[in-house]
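I have placed the structure first, in the form of structure tokens, so that the comments after it can refer back to it.
In our numbering, the protein residues as written are -4 to 109.
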């Protein structure tokens, strides 16, 4: 619901001999600029640079240590509706995409007539 929070999952599980290179979160179109990205191509994931789209910057957090990795949006707005894709590129393994369909509904006001 509008005003609540949501945590969207992302499968970023690595094998013991591999590492994450990039995590990219897209909304609605994978050809657009990611809304959130973590670039670990030149550093460990714990020290990687995070880039966040301005329109969502103050409302998102990523939980890398959770399994699955989570993208949290709080508070939710109606315009957050959409298809979210998390793309994880690894050093050796194939890319994994996790797709979530988020439907945000407005809060209902109950009016009581007397």
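A virtual CB, placed ideally from N, CA and C, is assigned to each residue, including glycine.
Locate the beta strand (DSSP E) running through residue 64, then write down its first and last residues.
64 to 68
Quick check on this structure: which residue in 2, 6, 22, 13 has the alpha carbon closest to the alpha carbon of residue 80?
22
Note down, in chain order, each residue of its chain lying with its Cβ closer than 8 Å to the Cβ of residue 104, except the 5 sequence neighbours on either side.
Bear in mind that the predicted position of residue 104 carries a pLDDT of just 48, short of 50, making it too unreliable to give a figure here.
Note the first and the last residue of the continuous beta strand (DSSP E) segment covering residue 84.
77 to 85
Looking only at C-alpha atoms, which of 1, 9, 3 sits nearest to residue 85?
9
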